[in-house]
């Protein structure tokens, strides 16, 4: 199973993959658009479903030792918790280098912009170096609107390119040329 959302009534054996248990430790109402009571119910349901899935799994595959320890804390044993580092897609390994095309100094941010990702720290770093640009890659969301407002409030909005979804080939070139 590629996630903790194993069907509740599934009677068989399974191995599951778990990338993190962030929401077990993170309790941040800013990371939702739900009213507080709905967020509390959703968080409780998440904890129940994920912990049941973890306890019933024959094995849990995790990407790091830190996540392995989090899982061990939930199930009370380390047996069956296996660290298997995440790989790099072949496309990323085979793409020719693009370093000769660098024309500007920039950093790349990929992923979502939930408040716990601490994107504001990157914005504050941009304030320290007005010549640095930031290329933001990720799906549009309410959190992107919040990030744009933070950038405006900190006076760095002109240093940022909001790229949205980017094809892997273009993302590879962005990574290769970033400082």
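Numbering (the working numbering), first residue to last: 594 to 772.
Each residue gets a CB set at the ideal place from its N, CA and C atoms; glycine is no exception.
Nothing here was measured: the structure is a model prediction, and the numbers come from that model.
- In the three-state reduction of the DSSP assignment, residue 766 falls in the helix class.
- In chain order, 724, 725, 726, 772 place their CB closer than 7 Å to the CB of residue 698, counting only its own chain and leaving out the 5 sequence neighbours on each side.
- Rounded to the nearest whole angstrom, the C-alpha separation of residue 637 and residue 747 is 36 Å.
- DSSP lists 729 as the bridge partner or partners of residue 702.
- Boundaries of the alpha helix (DSSP H) around residue 659: 658-668.
- Your pair residue 756 and residue 729 checks out as a contact, with CB atoms roughly 6 Å apart and the cut at 8 Å.
- In the three-state DSSP reduction, residue 771 falls in the coil class, being neither helix nor strand.
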